[in-house]
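Let me begin by presenting the structure, written as C-alpha cells, before commenting on it.
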Amino acid sequence: NAGVMQNPRHLVRRRGQEARLRCSPMKGHSHVYWYRQLPEEGLKFMVYLQKENIIDESGMPKERFSAEFPKEGPSILRIQQVVRGDSAAYFCASSPQLAGKSTDTQYFGPGTRLTVL
Amino acid sequence: KQEVTQIPAALSVPEGENLVLNCSFTDSAIYNLQWFRQDPGKGLTSLLLIQSSQREQTSGRLNASLDKSSGRSTLYIAASQPGDSATYLCAVAKAAGNKLTFGGGTRVLVKP
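So the protein lines, in turn, are chains A and B.
The first sequence begins at -19 in the numbering used here and counts up one residue at a time.
The second sequence begins at 5 in the numbering used here and counts up one residue at a time.
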C-alpha cells in the first residue's frame, strides 16, 4: 500500500504564472488535507476535502488559491498568478473514512516545494 | 482560537542523553494530539497519537504524555542517538477528522 504521493516534488514558477500541485491519497482514503509550511515557520492548515466536496477551507487565502478533489483522480491545489510570498512547502495528508474512532490519524506526503522567482 | 507552542525551539544534546520536548496548547477541548518527526527537506512521519482520554502512549524509546486539563504534552526520547536528530512537531485536532493545529517545532541535534 503506497503512501501519500505528491507531485511534483519541486516546482519553480515565475511571478504571475500558475502552479498546480497534485496529491494522491493512500488507497482507501477519502479525506484529504492541505497544509503550507512557509520558510522558518510551522505548518498551517489550508483546506480539508472529501471526494467532490470542500469541507473546511478556513485556512485558504481568499484570492488566487483553489482546491478540488474530484471523484476520479488526485486532489489538486491550484495557485493562480503566483507571487514570491507563495514560496513554501505544501504538504498533503490523507485519512481513511472516519468511523468515530479517535485513533484516526493523518498520513502525510513528502510535500511539494514551490519556488517563485 | 487554538494556539500550540513548543519550547524549546532548538535543543542540542550529547548522544545517550534523554530528550524532553514540551508542547502546550491553549484550548483543552481537543480530540487527540499527535507527535511528528520531520527531517530536513522531507515530509512528516507520525510518531505517536494520544487520544484525549489517554494520559500517555509509548513506542520503543518514545513516550508521550498528555495532561489535557493543563494543556500540555511532553515527548520523552530515551537514550538519544544521532539518528534522532530532526525537527519534532506536535499537533492537536479539535474533533474527529478535523484539521491539525501545529506547534512551531523543536529542532533537535544529537551529537555523537
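Ideal Cβ positions, reconstructed from N, Cα and C, are used throughout, including at glycine.
Distance, Cα to Cα, residue i vs residue j?
{"i": "TYR70 of chain A", "j": "HIS9 of chain A", "result": "19 Å"}
{"i": "THR83 of chain A", "j": "ALA73 of chain A", "result": "Summary for THR83 of chain A: the model assigns pLDDT 47, below 50, so the residue's position carries little reliability, and this model does not support an answer."}
{"i": "ARG(-5) of chain A", "j": "GLN61 of chain A", "result": "7 Å"}
{"i": "SER63 of chain B", "j": "PRO(-12) of chain A", "result": "33 Å"}
{"i": "LEU18 of chain A", "j": "ALA99 of chain B", "result": "25 Å"}
{"i": "VAL(-8) of chain A", "j": "ILE59 of chain A", "result": "13 Å"}
{"i": "GLU7 of chain B", "j": "MET40 of chain A", "result": "18 Å"}
{"i": "GLY65 of chain A", "j": "LEU1 of chain A", "result": "16 Å"}
{"i": "TRP39 of chain B", "j": "PHE29 of chain B", "result": "13 Å"}
{"i": "ALA13 of chain B", "j": "GLN61 of chain B", "result": "23 Å"}
{"i": "ALA95 of chain B", "j": "VAL(-16) of chain A", "result": "19 Å"}
{"i": "SER74 of chain B", "j": "LYS42 of chain A", "result": "35 Å"}
{"i": "GLN(-3) of chain A", "j": "ARG76 of chain B", "result": "43 Å"}
{"i": "GLY20 of chain B", "j": "THR110 of chain B", "result": "18 Å"}
{"i": "SER38 of chain A", "j": "GLU48 of chain A", "result": "15 Å"}
{"i": "VAL63 of chain A", "j": "VAL17 of chain B", "result": "40 Å"}
Between residue i and the rest of its own chain, which residues show a CB-CB distance below 7 Å, the 5 nearest in sequence each way excluded?
{"i": "ALA90 of chain B", "result": "ARG41, GLN42, ASP43, VAL112"}
{"i": "ARG65 of chain B", "result": "ILE81, ALA82, ALA83"}
{"i": "LYS72 of chain B", "result": "SER32, ILE34, SER56"}
{"i": "ARG59 of chain B", "result": "SER69, LEU70"}
{"i": "PHE106 of chain B", "result": "VAL8, LEU93, ALA95"}
If you compare alpha carbons, which of the options is closest to residue i?
{"i": "HIS11 of chain A", "options": "A:ARG2, A:GLN30, A:GLU48", "result": "A:GLN30"}
{"i": "GLY87 of chain B", "options": "B:LYS115, B:PRO12, B:TRP39", "result": "B:LYS115"}
{"i": "ASN33 of chain A", "options": "A:PRO19, A:LEU18, A:LEU23, A:PRO50", "result": "A:PRO50"}
{"i": "GLY101 of chain B", "options": "A:SER46, A:VAL62, A:TYR28", "result": "A:TYR28"}
{"i": "LEU93 of chain B", "options": "B:LEU52, B:SER16, B:GLY75, B:GLU60", "result": "B:LEU52"}
{"i": "TYR87 of chain A", "options": "A:GLU(-2), A:GLU43, A:TRP14, A:ARG44", "result": "A:TRP14"}
{"i": "PRO95 of chain A", "options": "A:GLN(-14), A:ALA(-18), A:ALA(-1)", "result": "Checking the sequence, you will find Thr at residue 95 of chain A rather than Pro. Comparing Cα-Cα distances from THR95 of chain A to each of A:GLN(-14), A:ALA(-18), A:ALA(-1), the minimum goes to A:ALA(-1)."}
Using C-beta distances below 6 Å, list every residue in its chain close to residue i, excluding the 5 sequence neighbours before and after it, in chain order.
{"i": "ALA97 of chain B", "result": "TYR35, ASN36, LEU104"}
{"i": "GLY108 of chain B", "result": "GLN10"}
{"i": "HIS(-10) of chain A", "result": "ARG93"}
{"i": "LEU97 of chain A", "result": "ARG(-6)"}
{"i": "ASP36 of chain A", "result": "TYR28"}
{"i": "ARG16 of chain A", "result": "LYS24, MET26, ALA68, TYR70"}
{"i": "PHE45 of chain A", "result": "ILE59"}
Here's a check: name, in chain order, each residue in its chain whose Cβ is nearer than 8 Å to the Cβ of residue i, leaving out the five neighbours to either side.
{"i": "ASN22 of chain B", "result": "TYR80, ILE81, ALA82, ALA83, SER84"}
{"i": "THR78 of chain B", "result": "VAL24, LEU25, ASN26, CYS27, ALA68, SER69"}
{"i": "THR85 of chain A", "result": "SER75"}
{"i": "GLY22 of chain A", "result": "none"}
For residue i, write down the residues that DSSP places opposite it in a beta bridge.
{"i": "SER69 of chain B", "result": "B:GLU60, B:THR78"}
{"i": "MET6 of chain A", "result": "Its beta-bridge partners do not exist; DSSP assigns none."}
{"i": "LYS24 of chain A", "result": "A:ARG16"}
{"i": "ALA69 of chain A", "result": "A:GLN17, A:ARG93"}
{"i": "GLU(-2) of chain A", "result": "For GLU(-2) of chain A, which the question treats as bridged, DSSP gives no partner whatsoever."}
{"i": "TYR35 of chain B", "result": "For TYR35 of chain B, which the question treats as bridged, DSSP gives no partner whatsoever."}
Original post:
Are the stretch 45 to 62 of chain A and the stretch -3 to 6 of chain A in contact at 8 Å, needing three or more beta carbon pairs?
Top reply: Inter-segment contact for the stretch 45 to 62 of chain A and the stretch -3 to 6 of chain A is present: three or more beta-carbon pairs are separated by less than 8 Å.
Subject >> Contact the stretch 42 to 58 of chain B vs the stretch 82 to 94 of chain A: 3+ CB pairs below 8 Å >> reply: yes
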